[in-house]
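Visitor:
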Ligand SMILES: *Cc1c(COP(=O)(O)O)cnc(C)c1O
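Numbering (the numbering used here), first residue to last: -17 to 405.
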């Protein structure tokens, strides 16, 4: 499917008058429409709730939009909990799915009334120590080991993942927690990442539903919720077919009826913890071509770099590029599109077929709405960019300012060495 930017060249020219590139921008209309579809696709389930994975796009303006769409928040660190609290999320609208968790984070999660999703059986005592006693509601993260394979060959390796407990450990953990007064239980699993297939959730759901039947038989517990977590993907490349969330919702309902309802387990709420699916396509990084270099290869140097978007450098991930205003031109050049880091992996694209790029052209990097800005870092003393919101009416609002050298030096404010730059 052709990938179409949600911004035109004219709009970018207007925006850069106020906000110089590079910046990430999010499409409010797209975010809201997509969230609405997800809720519709699972409306057959009374307790359905999406807990947005805060780590994908930890911005309070985005979190508030999702709040208005009925979402909760999925956190895994202190600052993510604090952000959610500040945005007015509390109690069961926060899921705390962390691992290797410091004690004060369990304590704070419990104070907010969040649902704690336990990553290991040994953490039962740790949570008791953190919270005084176990909360009434507890969740456990499931990891069956081995390889998770789907019919189209997509697979992932839960057996190599540090997360979760073995099924036997969950049975034991639930028996222990029940004896210690826990009343409501849930199970959670994240077994494959960025799955561009309608098959993942139904297959995962079936496995978890069957495990819920085992829990009923062996612990006498009917779980209250089943959290399918993240992993529903997006088509980063133009040749991929996007997931159909309605097909996915139907697929989960089918196995819900076949496994849970057929075994007398009713009223189980289905939760999701999507990040990429909620935000990925509705964000873009816009950067200006500032240099061209002709050596052993053809390079275009841009004013963004891997600190603004790490996925290509970190995983060799593909992000589609559009040269704004040249969408219809023939892609008869082959470029490496590179940033300014002193790291040779700082390349947004390698050997990419694109139309001729001139200095001053704006390059629109697609699908940066999730795990984009948020993976940013400060290597080479590079600063994080601004985040902008394209509002429903078409106006643009800054939702995070760009970092300045003062932010970068702020952690030296206890001494006077950098006063010259901190004033
Ligand atoms: C990262 C993460 C998610 C979201 O993953 P996506 O690939 O963005 O859908 C959900 N739950 C947990 C626990 C995570 O760590």
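Beta carbons: idealized from backbone N, C-alpha and C, even for Gly.
#1: Got a sec? Which residues, its chain only, sit under 7 angstroms from residue 175 by beta carbon, not counting five neighbours each side?
#2: For residue 125 and residue 397, what's the separation of their Cα atoms in angstroms?
#3: Let me check understanding here. Comparing Cα to Cα, which of 281, 288, 329 and 337 lies closest to residue 308?
#4: Which runs of the alpha helix (DSSP H) fall wholly inside the region 221 to 284 and span at least 4 residues, in chain order?
#5: Looking at the secondary structure, which residues open and close the beta strand (DSSP E) in which residue 105 lies?
#6: Going by beta carbon distance, what residues of the same chain come within less than 8 angstroms of residue 129, once the five residues before and after it are set aside?
#7: Please tell me whether, using a cut-off of 7 angstroms, the distance from the CB of residue 62 to the nearest non-hydrogen atom of ligand 1 is below it.
#8: What does a CB cutoff of less than 7 angstroms around residue 305 pick up in its chain, not counting 5 residues either side in sequence?
#9: If you measure from the CB of residue 155, is any heavy atom of ligand 3 nearer than 7 angstroms?
#10: Locate the alpha helix (DSSP H) running through residue 199, then write down its first and last residues.
#11: Tell me which residues pass a beta-carbon proximity test against ligand 1: closer than 7 angstroms to any heavy atom, given in chain order.
#12: Which one or two residues does DSSP pair with residue 26 in a beta bridge?
#13: Among the candidates -13, -6 and -17, whose CA atom is the shortest distance from the CA of residue 377?
#14: Should residue 73 be labelled buried (16 or more other beta-carbon atoms within 10 Å of its own) or exposed?
#15: With DSSP as the reference, label residue 124 as helix, strand or coil.
#16: For residue 280, I'd like the list of residues in its chain whose CB is within less than 8 angstroms of its CB, leaving aside the five on either flank, ordered along the chain.
#17: For residue 346, which of helix, strand or coil comes out of DSSP?
#18: For residue 226, which of 215, 390, 51 and 185 has the nearest alpha-carbon?
#19: Considering only the beta carbon of each residue, do residue 109 and residue 191 sit closer than 8 angstroms?
#20: Do three or more CB pairs link the region 360 to 380 to the region 10 to 18 at distances below 8 angstroms?
#21: What separation, rounded to the nearest whole angstrom, lies between the Cα atoms of residue 399 and residue 391?
#22: For residue 69, collect the residues of the same chain with a Cβ closer than 6 angstroms to its Cβ; drop the 5 residues on either side in sequence, then sort them by chain order.
#23: Which residues does DSSP pair with residue 317 in a beta bridge?
#24: State yes or no: is the C-beta of residue 203 within less than 8 angstroms of the C-beta of residue 156?
#25: So within the region 136 to 160, which uninterrupted alpha helix (DSSP H) runs reach at least 4 residues, ignoring any that extend past its ends?
#26: Can you say whether residue 167 is buried or exposed, counting buried as having 16 or more other CB atoms within 10 angstroms of its CB?
#27: If distances are taken between C-alpha atoms only, which option among 352, 402, 267 and 394 comes closest to residue -13?
#28: With distance defined between alpha-carbon atoms, name the residue in 52, 219 and 359 nearest to residue 24.
#29: Quick check on the DSSP output: the alpha helix (DSSP H) that includes residue -8 runs from which residue to which?
#30: Got a sec, what are the start and stop residues for the alpha helix (DSSP H) residue 85 sits in?
#31: Classify residue 12 as helix, strand or coil using the three-state DSSP reduction.
#32: If residue 251 sits next to residue 206, beta carbons under 8 angstroms apart, how far is it from one beta carbon to the other, in whole angstroms?
#33: According to DSSP, simplified to helix, strand and coil, what is residue 73?
#34: Relative to the C-alpha of residue 34, which residue among 246, 284, 235 and 210 is closest?
#35: For residue 290, would you say it is in contact with chain C, using Cβ-to-Cβ distances shorter than 8 angstroms as the test?
#36: Between which two residues does the beta strand (DSSP E) holding residue 398 run?
Guide: From the atom records:
#1: Locating residue 175 in the chain shown gives position 193, counting from the first residue. Once the five neighbours on either side are set aside, the close Cβ partners of residue 175 are 138 and 213.
#2: Translated into positions along the chain shown, residue 125 becomes position 143. Translated into positions along the chain shown, residue 397 becomes position 415. Cα-Cα distance, rounded: 48 angstroms.
#3: Walking along the chain shown from the start, residue 308 turns up at place 326. Considering only alpha carbons, the answer is 337.
#4: 227 to 237 and 258 to 261
#5: Counting from 1 along the chain shown, the entry for residue 105 is found at position 123. Counting along the chain, residue 105 falls outside any beta strand (DSSP E), though it belongs to the alpha helix (DSSP H) covering 105 to 113.
#6: On the chain shown, position 147 is the one that residue 129 refers to. Here the set comprises 137, 138, 139, 140 and 141.
#7: Within the chain shown, numbered from 1, the residue matching residue 62 stands at position 80. Every heavy atom of ligand 1 is 7 angstroms or more from the Cβ of residue 62, so no.
#8: Taking the first residue of the chain shown as position 1, residue 305 is located at position 323. Counting only Cβ-Cβ distances below 7 angstroms, and skipping sequence neighbours, we find 336, 337, 339, 343 and 345.
#9: In terms of ligand content, the structure shown lacks ligand 3 and carries ligand 1 instead.
#10: By 1-based counting over the chain shown, the position of residue 199 is 217. Here the alpha helix (DSSP H) through residue 199 covers 182 to 201.
#11: 35, 37, 38, 56, 58, 79, 172, 175, 176, 211, 212, 213, 214, 255, 256, 257, 258, 259, 352 and 353
#12: Looking up residue 26 in the chain shown gives position 44. According to DSSP, residue 26 bridges with nothing at all.
#13: Position 395 of the chain shown holds residue 377. Answer by Cα proximity: -6.
#14: Along the chain shown, one-based indexing puts residue 73 at 91. Looking at its Cβ environment, which holds fewer than 16 other Cβ atoms inside 10 Å, residue 73 is exposed.
#15: For the purposes of this step, residue 124 is identified with residue 142 of the chain shown, where counting begins at 1. Correct three-state label for residue 124: strand.
#16: Indexing the chain shown from 1 puts residue 280 at position 298. If we look at residue 280 and ignore the five residues flanking it on each side, its Cβ neighbours are 274, 315, 316, 317 and 318.
#17: Stepping through the chain shown from its first residue, residue 346 is reached at position 364. Strand at residue 346.
#18: Taking the first residue of the chain shown as position 1, residue 226 is located at position 244. The residue with the shortest Cα to Cα distance from residue 226 is 215.
#19: Looking up residue 109 in the chain shown gives position 127. Looking up residue 191 in the chain shown gives position 209. Not closer than 8 angstroms, so no.
#20: yes
#21: Residue mapping note: residue 399 aligns to position 417 of the chain shown, counting from 1. Residue mapping note: residue 391 aligns to position 409 of the chain shown, counting from 1. For residue 399 and residue 391, the distance between alpha carbons rounds to 10 angstroms.
#22: One-based indexing of the chain shown puts residue 69 at position 87. The residues are 42, 45 and 46.
#23: Stepping through the chain shown from its first residue, residue 317 is reached at position 335. Residue 317 is bridged to 334.
#24: In the chain shown, the residue the question calls residue 203 occupies position 221. In the chain shown, the residue the question calls residue 156 occupies position 174. Cβ atoms of residue 203 and residue 156: closer than 8 angstroms.
#25: none
#26: Position 185 of the chain shown, counted from the first residue, corresponds to residue 167. Buried: at least 16 other Cβ atoms inside 10 Å.
#27: On the chain shown, position 5 is the one that residue -13 refers to. Cα-wise, what sits closest to residue -13 is 267.
#28: Counted from its first residue, the chain shown places residue 24 at position 42. Comparing Cα-Cα distances from residue 24 to each of 52, 219 and 359, the minimum goes to 52.
#29: As a position in the chain shown, residue -8 is number 10, starting the count at 1. Where residue -8 is concerned, the enclosing alpha helix (DSSP H) stretches over -9 to -2.
#30: Residue numbering aside, residue 85 sits at position 103 when the chain shown is read from its first letter. Taken as a continuous stretch (DSSP letters only), the alpha helix (DSSP H) holding residue 85 covers 85 to 94.
#31: In the chain shown, the residue the question calls residue 12 occupies position 30. Reduced to three states, the DSSP call for residue 12 is helix.
#32: Taking the first residue of the chain shown as position 1, residue 251 is located at position 269. Taking the first residue of the chain shown as position 1, residue 206 is located at position 224. With 8 angstroms as the limit, residue 251 and residue 206 qualify as a contact, their Cβ atoms being about 7 angstroms apart.
#33: What you label residue 73 is simply residue 91 of the chain shown in a count that begins at 1. Reduced to three states, the DSSP call for residue 73 is helix.
#34: Indexing the chain shown from 1 puts residue 34 at position 52. Among 246, 284, 235 and 210, the Cα nearest to that of residue 34 is on 210.
#35: Chain labels in this structure do not include chain C; a single protein chain is all it has.
#36: As a position in the chain shown, residue 398 is number 416, starting the count at 1. That residue, residue 398, is in no beta strand (DSSP E); it is neither H nor E in DSSP.
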